[in-house]
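Read the structure below first, then the notes.
Number of protein chains: 2
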Amino acid sequence: MQSPIRTPPTPRPSPHAGSAVGGASTIRADQRLFLTDEQLRTGIELLFFAYRDFTADPDRILVDREYGRAHHRAIHFMRHRPGLTVAALIELLGVTKQSLNRVLRQLIADGLVEQTVGETDRRQRRLHLTAAGRDLELLLSETQRERLRRAYLEAGPEAVAGFREVLHRMMNEGARRLLATTTER
Amino acid sequence: MQSPIRTPPTPRPSPHAGSAVGGASTIRADQRLFLTDEQLRTGIELLFFAYRDFTADPDRILVDREYGRAHHRAIHFMRHRPGLTVAALIELLGVTKQSLNRVLRQLIADGLVEQTVGETDRRQRRLHLTAAGRDLELLLSETQRERLRRAYLEAGPEAVAGFREVLHRMMNEGARRLLATTTER
DNA sequence: TTTCTATGTCAACAACACTGACATAAAATA
DNA sequence: TATTTTATGTCAGTGTTGTTGACATAGAAA
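So this is what it looks like as structure tokens:
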């Protein structure tokens, strides 16, 4: 667990960080400023624009192939959680099995995904990427990693920590749990 | 591609995240750790889950009415940039005029949006929310503001500054320009 | 043996994006 | 003034991705 109150670390050189220098009242004011409706509104818009551009890169690549964003998401999770079950993938993606199935059927038919029967429970189908599947996943995600890498590098480790912190706290409990089970944060 | 190195427990946003205590080599190592492929991957997933939950709140409200996310986006920008032209809204949303038009027609028919003829250029249609339109926008965005407010409050102003910083650097130049013209950051 | 679970599939439908084509009024320009 | 360009609206068709509902099968569990 984490303490809900962050200790203000060294002020990062950021266009948004207000100068915390001044009398006690100034500090008090600064502590509230980041919660104004105006700040929240620009936060909403930052999320909108950043996420849009972030997903646009792989989308462009997928246009040529006959795949879409749903395929990317599916193979993303298969890459990093090899052998996961269909049910687990459905939960991660937050879609119905019918919706996933359409995507999965294509990926299997095209030889990007393989299924193996569960060892203990033979009803389960465990999902794995083939070499071709991994290739495509890498190609797609590299565009996103590159964008993120650049942003991280420019913003610096302090900012990145805050970025992750806020995103983490934005998620629902369910998503946080899902992330925790497959990721050591 | 993927570095086989296991990322040691991520430099978690800890209270001492910024404390530059330690030898020079320690600092050097810390500076790189946040750029590992593993860190980038979890960043991608954080974005996915956070954005999904973030948009789910208004979506739930919209289900009852006969509107969708596209309507929310449109009235969001109309609320904060009253009088903007159709072309400007198209550019902000990044959709075609045909796509926007379908949404806009409904909103106007339902009395949530009004158009006025441009003063200098009478070809333009300037868009405004009616009182009812503002009501709906407030209802929808309040769920998002509330989520963001809580996350901001828990994470603290430093983290929020980093959050905004990284998002800002993730955007394309175009989006950054768009945001700048209508927002004093 | 009966029931539940994990998965797959068909069909229908809705939201939201796209392209392409065409129309109108008003501004801009030759 | 005549012509062209611009801002907007609209029709028609299409694709991706999501939904619900119904039904089937194999295997686990009771």
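Going down the list, the protein sequences come from chains A and B.
The opening residue of the first sequence carries number 1 in this note's numbering; numbering runs sequentially from there.
The opening residue of the second sequence carries number 186 in this note's numbering; numbering runs sequentially from there.
Glycine is no exception: its CB is placed at the ideal position from the N, C-alpha and C atoms.
Residue nearest to residue i in terms of C-alpha spacing, selected from the options
i: S284/B; options: E322/B, R361/B, R307/B and A255/B; result: A255/B
i: R32/A; options: R349/B, H353/B and E343/B; result: E343/B
i: M233/A; options: F233/B, L225/B and F219/B; result: Nothing about residue 233/A can be reported from this structure: the residues present for chain A run from 1 to 185 only.
i: R266/B; options: E45/A, E146/A and T120/A; result: E45/A
i: V113/A; options: G133/A, G94/A and D121/A; result: G133/A
Beta-carbon contacts of residue i that lie in its chain and below 8 Å, excluding the five residues immediately before and after
i: L363/B; result: E276 and L277
i: T270/B; result: G303, Q309, R310, R311 and L312
i: Q300/B; result: I293, R310, R311, L312 and H313
Contacting residues, own chain, Cβ-Cβ under 6 Å from residue i (five flanking each side not counted)
i: K282/B; result: I275
i: E173/A; result: none
Same chain, Cβ closer than 7 Å to residue i, neighbours up to 5 away in sequence not counted
i: E137/A; result: I75, H76, R79 and L129
i: G207/B; result: Only weak support is given to the placement of G207/B: the predicted model assigns it a pLDDT of 37, under 50, and the value that follows is read from those uncertain coordinates. Contacts found: none.
i: Q329/B; result: F239, D242 and P243
i: G43/A; result: none
i: L167/A; result: none
i: Y252/B; result: none
Residue i classed as buried or exposed, judged by whether at least 16 other C-beta atoms fall within 10 angstroms
i: L324/B; result: exposed
i: E38/A; result: exposed
i: P58/A; result: buried
i: R65/A; result: exposed
i: E350/B; result: buried
i: G83/A; result: exposed
i: A360/B; result: buried
i: A131/A; result: exposed
i: R335/B; result: exposed
i: R105/A; result: exposed
i: R307/B; result: exposed
Span separating the alpha-carbon of residue i from that of residue j
i: R73/A; j: G111/A; result: 17 Å
i: V248/B; j: D238/B; result: 16 Å
i: R287/B; j: A272/B; result: 15 Å
i: T366/B; j: G341/B; result: 28 Å
i: Y152/A; j: L333/B; result: 21 Å
i: T305/B; j: G279/B; result: 25 Å
i: L170/B; j: E142/A; result: This structure does not reach residue 170/B, given that chain B is present from 186 up to 370, and the question cannot be answered.
i: T221/B; j: E339/B; result: 26 Å
i: A161/A; j: G347/B; result: 7 Å
### Query
Quick one, which residues of the segment 79 to 102 of chain A are near chain B if we go by CB-CB under 7 Å, in chain order?
H80 and G94
### Query
Just by C-beta distance, which residues in the segment 323 to 346 of chain B are closer than 8 Å to chain A?
Correct list: S326, Q329, R330, R332, L333, R334, R335, A336, Y337, L338, E339, A340, G341, P342, E343, A344, V345 and A346.
### Message
So if I threshold CB-CB distances at 7 Å, which residues from the segment 226 to 245 of chain B count as touching chain A?
### Response
R226, T227, G228, I229, E230, L231, L232, F234, A235, Y236, R237, D238 and F239
### Query
Which residues, taken in chain order from the segment 100 to 120 of chain A, show a beta carbon closer than 9 Å to some beta carbon of chain B?
none
### Query
Closer than 7 Å, Cβ to any Cβ of chain B: which residues of the segment 161 to 179 of chain A, in chain order?
A161, G162, F163, R164, E165, V166, L167, H168, R169, M170, M171, N172, A175 and L179
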